[in-house]
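Protein chains in written order, with my numbering: chain P, 1 to 334; chain F, 1001 to 1292.
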Amino acid sequence: MTDSIRNNLLGAVLLLGALAFVPFAIGERYLLNEVIVFLLWASVAVQWNVLTGHAGVFSLGQMLLFAIGAYGVAMMTTYLGFSPWVAMPVGAVAAAIAAVFIGLACLRLATAYVALLTFAMSYMAYVLIITETECFTTIGGGCQRFFGGTSGFSRIEDLGFRKLLRRDWIVGNYFVVLAIFALSFLASIIVIHGRLGLAFRALADSPAYAAARGLDRTRFRIVAFVITAFFTGLTGAAYAVHFRTAGPSLFDFSTLLFILSMVIVGGLRSTWGPVLGAAIMMTLVEVSKDMGEIRNAMIGFIIVLFVVLMPDGIAGLGRRLRAHIRTSKTKETA
Amino acid sequence: MDAIFQIILSGLTLGAMYALGSVGLALTYGTMRMFNMAHGVFMAIGAYGAYFAAEALGIPILLALLGGIATGGVFGALLHLLVVRFMLGTKDFEINILVATAGVGILLQDLLLKTFGAYPFRQPVQMEGTVNLAGVTITFQSMAILVVAFVLIAAMAWALTKTRFGLAIRATAMNREAALLMGVNVTAIYLQVLIIAGMLAGAAGVMISSLSTLSPDMGTNPAIRAFVICVVAGLGSVGGAGITAIALGLIEAAIQYYIGARFGLPLMLALVVLVLIRRPAGLFGREEVIRS
């Protein structure tokens, strides 16, 4: 185990430990719910950063994979009577399998092609869902379309904490979401600082040399896509069981850009950036709620501001500052 | 037989609109490796520009159409001056510009929503009436779309191939450094290209809104089609994008007629993926994919 992997894992464990105390410090249900939302989006942002910042695959289909996890849980619990505990990992596997096919179709292509094709596929799924008209079954006297149509799925079976913990059911949900965030974040550290991350770095630095040394670019890209899809899908599944809904609003462009802004603000190509970015963006959106409907305009403005002025995000700024201090120190000693 | 004529006619109308929407995108990618995610919102801006000119200012519709096109051009210029200019030549330009223009897109779409509201206005810049030609009903509007698309694309093709201005654009697209050494003002070229792309998007927006209604997110669907068209043609191939647009318009019209409107986009995408498996750089694109 290298130093960087150990230090980052240690830091992550400390963060997760601190997060485990949050439900006991925050009594307010609204606030705790906001922290749950933060953990969900942070997990998606962390995976997106691994894929784009490290593996160099700029996918705009992350919410499609998220939705596969969420819809998977919704459909398995509604139609097949699965327990949500079983449906969650199965939904994640479904997202990973979808990623294999999308990856085989797209990932041989150049950067911009990948972004546009994944975006188009995500939009296609959205159109197919909202244009569905035939009822599949009737649930509670209402028409239930196979993929939920425009209204999606609601009243998904919960994790059972409402019966078990009564008024504190949300604490149960909190720890499930925290566990999924932990898996996602720890996995991202192992990928970034492990052998896979080394291969990504080699392929980014010199594609031709890396290929000459036997690294298969397309295969590594597909591996990265499938691994991140699994965790993105798992997070989507957690979203569905916590909110007990899954609907076409998951495909909203503003949601995609909200999460993208977390990655950009925190810093692409970093390890901790997306978590930091998620915290910052969640706070900004929460604060801006008092200033009227400016959420989307603000997200767009922040994205443009950061890409133009600080393309490496806050993590990149920190890196530059550290490098600056180091060079000025060596100058002093010299 | 009538059905086939009808399909060809609506296919050509669709194709002409798609061509108008995608050649601007192809031109920007070809010259500056920049893909504009805000292209769809530029379409909406052009449509609202024409609407505003005709409805609020009472300008005749032909001038209002020009007003819509000009609005698109102004926003193209602003995009260059406020955002793109500072990013040229930076590391990871291709990914960063996608992110930045996506941000511009959601920002402008939100501003459109704040200014005009979500009400689906009818586009006043359009022609009424139909004509019956050998048993086939043709609306004046679809003829107008064909004419506008043809005139604008022909004008752009003429400018690109026959003028010094077009020569400079093509030289920059081929080799930026060489063009720079030959005295081409590359920064000015980039500004001009974004203005042209904005104007074409604006024109496409007016045409698209004339067939449905105005809404801030009206550009999303046509922009995704334009993305797909540019990808299958090979990013940056302007002529290829035009031809592919017409072909996909015809195919889509046939799919809509025989299978149903719902499957137009999915089948188109499936076709595109099949094409890309055979030709990873698109039908007309140069091979630039790193093999491994």
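Cβ coordinates follow ideal geometry from the N, Cα and C atoms, glycine included. Keep in mind it's a predicted model, so treat the numbers as computed, not measured.
Exposure label - residue i; buried when at least 16 CB within 10 Å
| i | result |
| --- | --- |
| F:Y1048 | buried |
| F:N1096 | buried |
| P:Y30 | exposed |
| P:I325 | exposed |
| F:I1290 | Bear in mind that a pLDDT of 40 at F:I1290, under 50, signals an unreliable position, so the number given afterwards is only what the model happens to contain. With fewer than 16 Cβ atoms within 10 Å of its Cβ, F:I1290 is classed as exposed. |
| P:A45 | buried |
| P:N173 | buried |
| P:R217 | buried |
| F:I1255 | buried |
| P:G72 | buried |
| F:E1288 | Low confidence applies to F:E1288: its pLDDT is 47, below 50, so where it sits in the model is not reliable enough to give any reading. |
| P:D3 | exposed |
| F:A1253 | buried |
| F:N1132 | exposed |
| F:F1165 | exposed |
Other residues of its chain near residue i: CB distance less than 7 Å, five sequence neighbours each side excluded
| i | result |
| --- | --- |
| P:V177 | I36, L39, L40, A238 and H242 |
| F:F1005 | V1136 |
| P:L19 | L178 |
| P:T271 | N8, I189 and I192 |
| F:R1176 | V1186 |
| P:T118 | S59, L60, G61, I102 and C106 |
| P:F136 | Q144, R145 and F146 |
Residues bridged to residue i [DSSP beta-bridge criterion]
| i | result |
| --- | --- |
| P:T135 | A small fix is needed here, since residue 135 of chain P is Cys in this sequence, not Thr. Answer by DSSP bridge pairing, in chain order: P:R145. |
| F:V1136 | F:L1133 |
| P:A246 | P:F153 |
Close Cβ partners of residue i (< 8 Å) along its chain, the five nearest in sequence each way excluded
| i | result |
| --- | --- |
| F:L1112 | V1041, A1044, I1045, Y1048 and P1216 |
| F:V1324 | Within the shown structure, residues of chain F are numbered from 1001 to 1292, placing residue 1324 of chain F beyond reach of any answer. |
| P:I314 | V265, G266, G267, G273, L276, G277 and I280 |
| F:S1292 | Bear in mind that a pLDDT of 34 at F:S1292, under 50, signals an unreliable position, so the number given afterwards is only what the model happens to contain. Same-chain partners within the cutoff: there are none. |
| P:G197 | H54 and V191 |
| P:A210 | A199, A202, L203 and R217 |
Under 9 Å between C-beta atoms of residue i and residue j
| i | j | result |
| --- | --- | --- |
| P:S184 | P:L260 | no |
| F:S1142 | F:L1009 | yes |
| F:G1021 | F:I1208 | yes |
| P:V86 | P:V226 | no |
| F:A1171 | F:V1184 | yes |
| F:G1285 | F:G1239 | no |
| F:G1282 | F:V1275 | yes |
| P:F161 | P:V171 | yes |
| P:L116 | F:F1052 | no |
| P:G56 | P:A94 | no |
| F:H948 | F:A1233 | In this structure chain F extends from 1001 to 1292, so residue 948 of chain F is not present and cannot be described. |
| F:A1016 | F:A1149 | yes |
| F:M1087 | P:V263 | no |
| F:I1251 | P:G300 | no |
| F:R1122 | F:L1214 | yes |
| P:T232 | P:W48 | yes |
| F:S1210 | F:I1145 | yes |
| P:I303 | P:L284 | no |
| P:G316 | P:R269 | yes |
| F:Y1257 | F:V1084 | no |
| F:G1068 | F:V1125 | yes |
| P:P84 | P:I139 | no |
| P:P248 | P:G152 | yes |
Own chain partners of residue i with C-beta closer than 6 Å, once the 5 adjacent residues on each side are dropped
| i | result |
| --- | --- |
| P:A42 | V275 and A278 |
| F:T1130 | T1137 and T1139 |
| P:M76 | F82 and A87 |
| F:L1108 | V1041 |
| P:S254 | N296 |
Beta-carbon separation (whole angstroms), residue i vs residue j, contact threshold 8 Å
| i | j | result |
| --- | --- | --- |
| F:T1090 | P:P311 | 7 Å |
| F:G1219 | F:G1205 | 6 Å |
| F:G1024 | F:A1155 | With 8 Å as the limit, F:G1024 and F:A1155 do not qualify as a contact, their Cβ atoms being about 13 Å apart. |
| P:A74 | P:A229 | The pair is not a contact, with the Cβ atoms about 18 Å apart (cut-off 8 Å). |
| F:A1197 | F:G1076 | 6 Å |
| P:A112 | F:L1079 | With 8 Å as the limit, P:A112 and F:L1079 do not qualify as a contact, their Cβ atoms being about 17 Å apart. |
| P:A67 | P:L257 | The Cβ separation is near 16 Å, so there is no contact. |
| F:R1262 | P:T131 | 5 Å |
| P:L64 | P:S122 | 4 Å |
| P:F220 | P:A240 | So it is not a contact: roughly 31 Å between Cβ atoms. |
| F:M1268 | F:V1231 | F:M1268 to F:V1231, Cβ: 11 Å. No contact. |
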